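Under the numbering used here, the first residue of the sequence shown is numbered 1064, with each subsequent residue one higher.
Glycine included, every Cβ here is placed at the ideal spot set by N, Cα and C.
Bear in mind the structure is a predicted one, so any value in this text is a computation, not a measurement.
Please read the structure below before turning to the comments.
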Amino acid sequence: MRRIGQRMFSKKMNRDRAVVIGGGIAGKLAARVLSEFFQEVILIEKDKKNDHFTNRKGVPQGNQGHVLLKSGEEIIEELFPGIIQELSRNGAKKTDFAGDLLWSHHGTQKIRFDSNVFISQQSRPLLEWQIQQRLEKIHNINFRFDCKVQNLKFNTDEMNTIVIEDINGVVTDLLADLVIDASGAAALHNQWLRASGYGIPTKTEIKIDLFYASMVFKKIAHESINWHSLLAFPNPPEVERGGMISPIEGNRMLVTLIGYGTKEIPKNKDSFLEYAQTLNQPEMYEVIKNESPLSEEVQVYRFPALRRYHFENQRNFPTGLLVIGDAFCRVDPVFAQGMSLAAMEAKALREILMKGPKQAAVNKKLS
Ligand SMILES: Cc1cc2nc3c(=O)[nH]c(=O)nc-3n(C[C@H](O)[C@H](O)[C@H](O)COP(=O)(O)OP(=O)(O)OC[C@H]3O[C@@H](n4cnc5c(N)ncnc54)[C@H](O)[C@@H]3O)c2cc1C
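Here it is, written out as structure tokens:
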């Protein structure tokens, strides 16, 4: 990331306007960092603004179990001091990563102990919403919700042009010194690089045919429960199935089933329970079998392949474009690293910008 990032600058690059495409975790964290270095940051998101912490269409994986690892949490707290406490005030649960987790891994039950490594557990929509609240307090970040980026044109005069279309079909051009592609799985940069003659970066793709299926329960009060989270880790190809139970705000529990390479995806409560019964970790089924979910709907997400683009091999690449988050690299969700990687990328971006060209005088006309 650092090596690639350093290539995004030309010596002449001004720091008048940065545009971030996509308002997921990666885009939001990047916008926060850019606000320290650019006069204006514009974050463009095709979804409408979320006024509460509910999931949105542009992030279909948001309904599934999302654990924020400690490394990501620490960076997010550094970028937004006090945010972990704010999450907790909104119902996130602080849990001991080793003491409060019942974790079966490769056929053995991990030993539980008080590690004093506490993590904040909440739904992904709450985390995103909380970050959004903090971004809105930063004076030089502007938002364009309900706005879809249609095109990115690489100009020769150093500024790139982003073509956006709002909800009423009005198309506008925006100029930017730096454009960040944080469009997630869509990886929009590909089509623009190809259309501009730069050629698309090579990629590594590994097919895993993974699915996630989730249901939400009110807090489960089974007599056997002396833990806050449960994790039945899959180990493909021997053990293709797994699952987890995580506490989320609203005194609820998110129950997620996982499977690699299987066609038997649970789509209703009965098949959900049947699948849970097949896991190596019997506790999972035991605690949910007599519980009523808050909704009968099973949320399913399919994840066909891991993917990483190799920009480091690209000989011909425009200045003023950086690709981050899932648009750059989609790792296996089971390892819960995606949001923390996005946070580490934001941190690396900050380091690169600190070393970059000095803040230029603001004299360029921005349209
Ligand atoms: C099933 C599943 C479970 C996961 N579990 C975990 C976990 O436990 N822990 C963890 O750390 N990570 C997890 N992840 C990974 C995590 O969701 C992402 O890696 C992380 O959030 C970074 O995403 P992103 O911001 O790059 O992309 P996204 O969150 O996908 O956001 C992309 C944004 O771009 C917007 N967009 C797309 N096209 C346009 C356009 N043309 N114009 C404007 N906006 C556009 C979208 O609306 C969206 O808001 C999981 C992923 C999946 C699939």
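Classification of residue 1223 by the beta-carbon crowding that lies within 10 angstroms, buried from 16 upward: buried
Opening and closing residue of the alpha helix (DSSP H) in which residue 1253 lies: Where residue 1253 is concerned, the enclosing alpha helix (DSSP H) stretches over 1252-1258.
heavy atom of ligand 1 below 7 Å from residue 1403 C-beta: yes
Cβ-heavy atom distance, residue 1275 to ligand 1, below 7 Å: At least one heavy atom of ligand 1 falls within 7 Å of the beta-carbon of residue 1275.
When 1358, 1337, 1276, 1357 are compared against residue 1348, the one with the closest alpha-carbon: 1337
Terminal residues of the alpha helix (DSSP H) in which residue 1348 lies: 1345-1351
With 16 other Cβ atoms within 10 Å as the buried cut-off, status of residue 1080: buried
Chain B contact for residue 1120 (CB, 8 Å cutoff): Given the protein chain composition of this structure (a single chain), no chain B is represented.
Backbone secondary structure at residue 1131 - three-state DSSP: coil
Counterpart residues of residue 1290 in DSSP-defined beta bridges: Partner(s): none; residue 1290 has no beta bridge.
heavy atom of ligand 1 below 7 Å from residue 1252 C-beta: no
Residue 1249 CB to nearest heavy atom of ligand 1 below 7 Å: yes
Where residue 1203 sits in the DSSP three-state scheme: coil
Which of helix, strand or coil DSSP assigns to residue 1082: strand
Three-state secondary structure assigned by DSSP to residue 1159: strand
Residue 1255 and residue 1163 closer than 8 Å at C-beta: Judged by beta-carbon spacing, residue 1163 lies beyond the 8 Å limit of residue 1255, meaning their Cβ atoms are not closer than that value.
Opening and closing residue of the alpha helix (DSSP H) in which residue 1338 lies: 1332-1340
Rounded C-alpha distance that separates residue 1342 from residue 1306: 8 Å
Range covered by the beta strand (DSSP E) that runs through residue 1096: Looking at the DSSP string, residue 1096 is not in any beta strand (DSSP E); the run it does join, the alpha helix (DSSP H), is 1088-1097.
Same chain, Cβ closer than 8 Å to residue 1392, neighbours up to 5 away in sequence not counted: Excluding residues within five positions, the ones whose Cβ falls inside 8 Å are 1370, 1371, 1372, 1404.
Alpha carbon of residue 1105 to alpha carbon of residue 1244, nearest angstrom: 12 Å
Coarse secondary structure for residue 1368, derived from DSSP in three states: Strand at residue 1368.
CB contact flag (residue 1108, residue 1125, <8 Å): No. Outside cutoff.
Supposed contact pair residue 1277 and residue 1325 - C-beta distance, whole angstroms, cut 8 Å: So it is not a contact: roughly 16 Å between Cβ atoms.
Helix, strand or coil at residue 1329 according to DSSP, with G and I counted as helix: coil
Residue 1147 Cβ short of 7 Å to ligand 1 heavy atom set: no
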